[in-house]
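Below: the structure, in structure tokens.
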Amino acid sequence: MTTENHMIVLLGSTGDLAKRKIIPALYQLFRKAQVSVQCPIVCLGRREYTKEQFIEHLELSRFIKKSDPQLIEQLTTQIVYIQQDLKTFAPEVLKQQFDQIAQTYKCSSNKLFYLALPASVFSQAADIIQLFSGDEGWLRVVFEKPFGDDLASAEELNNSITSVLQEEQIYRVDHYLGKELVQNIFTLRFHNELFRWAWHCEAIDHVQITASEELGVEDRAGYYDKSGAVRDMIQNHLLQLLSLTAMEPPLSNDPEEIRNRTGEVIQSLIPVHQDDVVLGQYEGYTDENGVDSNSTTETFAAFKVYIDMPRWQGVPFYLKTGKKLDERYADIKVVFKHNDELCNTGDCDQPNVVVIRIQPDDGIAIAFNVKRPGRSMITEPVLMDFCHHCHFGPNTPEAYESILLNVMQGEPTAFARWDWIKNSWKFVDHLRQAAQPPYIYSQGSTGPAESDALAQRSGRHWIHGEISPRRSQQQTQILPSVS
Ligand code: BG6
Numbered sequence: 033m034t035t036e037n038h039m040i041v042l043l044g045s046t047g048d049l050a051k052r053k054i055i056p057a058l059y060q061l062f063r064k065a066q067v068s069v070q071c072p073i074v075c076l077g078r079r080e081y082t083k084e085q086f087i088e089h090l091e092l093s094r095f096i097k098k099s100d101p102q103l104i105e106q107l108t109t110q111i112v113y114i115q116q117d118l119k120t121f122a123p124e125v126l127k128q129q130f131d132q133i134a135q136t137y138k139c140s141s142n143k144l145f146y147l148a149l150p151a152s153v154f155s156q157a158a159d160i161i162q163l164f165s166g167d168e169g170w171l172r173v174v175f176e177k178p179f180g181d182d183l184a185s186a187e188e189l190n191n192s193i194t195s196v197l198q199e200e201q202i203y204r205v206d207h208y209l210g211k212e213l214v215q216n217i218f219t220l221r222f223h224n225e226l227f228r229w230a231w232h233c234e235a236i237d238h239v240q241i242t243a244s245e246e247l248g249v250e251d252r253a254g255y256y257d258k259s260g261a262v263r264d265m266i267q268n269h270l271l272q273l274l275s276l277t278a279m280e281p282p283l284s285n286d287p288e289e290i291r292n293r294t295g296e297v298i299q300s301l302i303p304v305h306q307d308d309v310v311l312g313q314y315e316g317y318t319d320e321n322g323v324d325s326n327s328t329t330e331t332f333a334a335f336k337v338y339i340d341m342p343r344w345q346g347v348p349f350y351l352k353t354g355k356k357l358d359e360r361y362a363d364i365k366v367v368f369k370h371n372d373e374l375c376n377t378g379d380c381d382q383p384n385v386v387v388i389r390i391q392p393d394d395g396i397a398i399a400f401n402v403k404r405p406g407r408s409m410i411t412e413p414v415l416m417d418f419c420h421h422c423h424f425g426p427n428t429p430e431a432y433e434s435i436l437l438n439v440m441q442g443e444p445t446a447f448a449r450w451d452w453i454k455n456s457w458k459f460v461d462h463l464r465q466a467a468q469p470p471y472i473y474s475q476g477s478t479g480p481a482e483s484d485a486l487a488q489r490s491g492r493h494w495i496h497g498e499i500s501p502r503r504s505q506q507q508t509q510i511l512p513s514v515s
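The sequence shown begins at 33 in the numbering used here and counts up one residue at a time.
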């Protein structure tokens, strides 16, 4: 389906995000004829590039997988580059340039602004956007994370953008919400009776949500050292996963109803107790380029949280993220209660676990017990597995593709609403205050030992690693014991 005719305006177009994610995603939409071929992609950047230099800078054949030269050629004819410093722009000149471009391309006055910029210049970008707020047609504006550094700065930012935009014009990106398996959490829970009925405190013992990374800060130390894992990953991605996992069934598919439900979860989080949060910093972090040598920024965070909703009474949610860990994966493991009454052979059942594998091997797995062959009643846990790319093929849209398409279609469900952001910052500000300074952990480990102790204190333990049959030939090794 082609979207309505509209102009795309990319602010911060010479940055990394634009060339690694946004332009390649636009190419894929273009390839699938999901983006209007009539309208231009107007790229604003500070660098003094000619259009040719800008296109060269984008390194299209490097960042677009299996690109077709003819399509690349077509895409580049739609790109217009305007050198513009946000601090010094002349409103009238810019407006005229835009009008001229719209006329040349015979484009409607619908506009999608994508702010691939640091939040510190959002208010300057707002001055540009304001020039078009009286135009006919729709105006939608996409904001990248981080949306603030704490509650106070997020509120300030929100006040400044809502002074020129309505909430329904604002799309706050969380790229995790564009991931295919994240979108599948909703389907799994609400389109399958099997899971719908089992998803509550009487059946579930606890939930583990993990985003583990092998990479370190790389070349983002300037940003990361001021942010840390809690603000970089927990406030947005992991709390969104938690919200989708724990939300009540919506009464309809209306985006606002769905966002009411996820908003309810974030508002019902019980502030974390100081003993239930562990921060870590990988060994050698302070030697990284651009990191303060006395930095106490955390590169790892793990905590336990309860949700004050009848569905989740007494069910702890364990969340964990970190850089330079042993493995790259993100998943949600829902661990069910299990019955020990029949456990008289010394070989006890393992709890059922539903694993939503977000990456890298996206899919869903269910661990359950079967009887070993023979006369004895000894049981063994096995895995029933759905592999997304084995079933649907390898061309699942990238997160940014689905994000852009949603904005073009005016579909806000996969974007954070202000009330969600506000409550996530409230929770995270408290968590950061409650936390002790970070423990040092070895690179390539699963994080500081203290985070294991955090789970063990309530008789549980982390199920480390991605659970996927494609990782090992031996199923018994796939499924770590989860007593
Ligand atoms: C970003 C964080 O939002 O998400 C990065 O700023 C992190 O620090 C990245 O590496 C992880 O995203 P993904 O899609 O690779 O899991």
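Just so it is clear, CB atoms sit at the ideal spot from N, CA and C, and this is done for glycine as well. Note that the structure is predicted; figures quoted are calculated from it, not measured.
Quick check on DSSP: helix, strand or coil for K119?
Counting from one through the sequence shown, the residue named residue 119 turns up at place 87. It is helical.
From this set, R78, K365, H38, A261, which residue's C-alpha is nearest D330's C-alpha?
Working through the sequence shown from its first residue, we reach residue 330 at position 298. A quick correction: the sequence has Glu, not Asp, at residue 330. Nearest option by C-alpha distance: A261.
Use the C-beta contact count for T35: other C-beta atoms within 10 angstroms, 16 or more gives buried, fewer gives exposed.
Counted from its first residue, the sequence shown places residue 35 at position 3. With 16 or more Cβ atoms within 10 Å of its Cβ, T35 is classed as buried.
Any chance you could list the beta strand (DSSP E) runs of at least 3 consecutive residues sitting entirely within the stretch 340–388, in chain order?
Considered as a whole, the stretch 340–388 harbours 349–354, 361–368 as its complete beta strand (DSSP E) runs of no fewer than 3 residues, in chain order.
Note down the Cα distance separating D340 from P303, rounded to an integer number of angstroms.
To locate residue 340, count along the sequence shown from 1; it is residue 308. To locate residue 303, count along the sequence shown from 1; it is residue 271. So the alpha carbons of these two residues sit roughly 10 Å apart.
Which residues in the same chain have their Cβ closer than 7 Å to the Cβ of L463, if we skip the five residues on either side of it in sequence?
Start at 1 with the first residue of the sequence shown, and residue 463 comes out as number 431. Within the same chain, L463 has close Cβ partners V262, V304, V309, F335.
Enclosing beta strand (DSSP E) for H238 [first to last residue]:
On the sequence shown, position 206 is the one that residue 238 refers to. That run of the beta strand (DSSP E) goes 236–244.
Please report the residue range of the beta strand (DSSP E) in which A467 lies.
The residue labelled residue 467 in the question sits at position 435 within the sequence shown. No beta strand (DSSP E) holds A467; DSSP gives it neither H nor E.
Whose CA, out of A157, Q135, T136, V153, lies closest to the CA of F145?
Against the sequence shown, residue 145 aligns to sequence position 113. Nearest C-alpha to F145: A157.
Local Cβ density within 10 Å of K143, reported as buried at 16 or more and exposed below that
Translated into positions along the sequence shown, residue 143 becomes position 111. By the 10 Å Cβ count, K143 comes out buried.
Nearer than 6 Å: is that true of the beta carbon of D417 relative to any heavy atom of the ligand BG6?
Taking the sequence shown and counting its residues from 1, the one referred to as residue 417 is at position 385. No, the Cβ of D417 stays beyond 6 Å of every heavy atom of the ligand BG6.
In the DSSP assignment, the alpha helix (DSSP H) including V309 goes from what residue to what residue?
Along the sequence shown, read from residue 1 onward, the residue named residue 309 stands at position 277. Element bounds for V309: not the alpha helix (DSSP H) but the beta strand (DSSP E), 309–314.
My assumption, with CB atoms under 8 Å, is that G312 sits in contact with S483. Please give the rounded CB distance.
Here residue 312 corresponds to residue number 280 of the sequence shown, with the count starting at 1. Here residue 483 corresponds to residue number 451 of the sequence shown, with the count starting at 1. Confirmed, about 7 Å.
Nearest by alpha-carbon distance to E200: which of I217, Q465, F175 is it?
Position 168 of the sequence shown, counted from the start, is the residue given in the question as residue 200. Here the closest residue by C-alpha is F175.
With which residues is K143 paired in a DSSP beta bridge?
For this step, residue 143 is matched to residue 111 along the sequence shown. Partner(s): M39, L171.
Stretch pair the stretch 249–260 + the stretch 361–376: three plus CB contacts closer than 8 Å
no
Distance cut-off 6 Å: D264 Cβ against heavy atoms of the ligand BG6
The residue you call residue 264 lines up with position 232 of the sequence shown. D264 has its CB nearer than 6 Å to a heavy atom of the ligand BG6.
List the whole-angstrom C-beta distance separating R291 from T445, where the pair is believed to meet the contact cut-off of C-beta under 8 Å.
Taking the sequence shown and counting its residues from 1, the one referred to as residue 291 is at position 259. Taking the sequence shown and counting its residues from 1, the one referred to as residue 445 is at position 413. Between T445 and R291 the Cβ distance is about 7 Å, and since that is below 8 Å, they are a contact.
Roughly how many angstroms lie between the CA atoms of L486 and N427, to the nearest whole one?
In the sequence shown, the residue the question calls residue 486 occupies position 454. In the sequence shown, the residue the question calls residue 427 occupies position 395. Distance between the alpha carbons of L486 and N427 is about 39 Å.
Which residues mark the beginning and the end of the alpha helix (DSSP H) in which R291 is found?
Your numbering for residue 291 matches position 259 in the sequence shown. Taken as a continuous stretch (DSSP letters only), the alpha helix (DSSP H) holding R291 covers 287–299.
State the beta-bridge partners of P413 as determined by DSSP.
Working through the sequence shown from its first residue, we reach residue 413 at position 381. For P413, which the question treats as bridged, DSSP gives the partners N401.
With H, G and I counted as helix, E and B as strand and the rest as coil, what does DSSP make of F179?
As a position in the sequence shown, residue 179 is number 147, starting the count at 1. Of the three classes helix, strand and coil, the one that applies to F179 here is coil, per DSSP.
Anticipated Cβ contact below 8 Å, D461 with D182, distance rounded
Counted from its first residue, the sequence shown places residue 461 at position 429. Counted from its first residue, the sequence shown places residue 182 at position 150. At roughly 5 Å, the Cβ-Cβ gap stays under 8 Å, so D461 and D182 are in contact.
With burial defined as no fewer than 16 other Cβ atoms inside 10 Å of the residue's Cβ, what is the status of V402: buried or exposed?
For the purposes of this step, residue 402 is identified with residue 370 of the sequence shown, where counting begins at 1. Flag for V402 reads exposed.
Skipping 5 residues on each side, what residues in its chain have a beta carbon closer than 6 Å to that of G180?
One-based indexing of the sequence shown puts residue 180 at position 148. Here the set comprises A186, L189.
Suppose the cutoff is 8 Å on Cβ atoms and the five residues either side in sequence are ignored; what does the same chain contact list for I472 look like?
Residue 472 sits at position 440 when you count from the first residue of the sequence shown. In chain order, G312, Q313, Y314, E315, P480 place their CB closer than 8 Å to the CB of I472, counting only its own chain and leaving out the 5 sequence neighbours on each side.
Quick one, which of S244, L92, G346 has its alpha-carbon nearest A57's?
As a position in the sequence shown, residue 57 is number 25, starting the count at 1. Per the Cα distances, L92.
Helix, strand or coil: which one does DSSP assign to F164?
Counting from 1 along the sequence shown, the entry for residue 164 is found at position 132. Here F164 sits in coil by DSSP.
Along the chain, where does the alpha helix (DSSP H) that runs through F332 open and close?
Here residue 332 refers to the residue found at position 300 when the sequence shown is read from its first residue. First-last for F332: 332–337, but that is the beta strand (DSSP E), not the alpha helix (DSSP H).
DSSP state of Q391 mapped onto helix, strand, coil
Position 359 of the sequence shown, counted from the start, is the residue given in the question as residue 391. In the structure shown, Q391 sits in a strand (DSSP, three-state: E or B).
Going by CA-CA distance only, name the one from Q128, A253, R360 that's closest to Q475.
Taking the first residue of the sequence shown as 1, we reach residue 475 at position 443. Of the listed residues, the one whose Cα sits closest to Q475 is R360.
Which runs of the alpha helix (DSSP H), 4 residues or longer, sit entirely within the stretch 417–476?
Entirely contained in the stretch 417–476, the alpha helix (DSSP H) runs reaching 4 residues are, in chain order, 420–424, 431–440, 450–466.
Closer than 7 Å by C-beta to R221: which residues in its own chain qualify, once you throw out the five before and the five after it? Chain order, please.
Locating residue 221 in the sequence shown gives position 189, where the first residue counts as 1. Answer for R221: F227, R228, W231, listed in chain order.
According to the neighbour-count rule (16 or more other Cβ atoms, all chains shown, within 10 Å of its Cβ), is T508 buried or exposed?
Position 476 of the sequence shown, counting from 1, holds the residue named residue 508. Residue placement at T508 is poorly supported in this model, since its pLDDT is 44, which falls under 50; the coordinates are not used for a value here.
Using the beta-carbon count (16 or more within 10 Å), is Y208 buried or exposed?
The residue given as residue 208 occupies position 176 in the sequence shown. Per the 10 Å Cβ criterion, buried.
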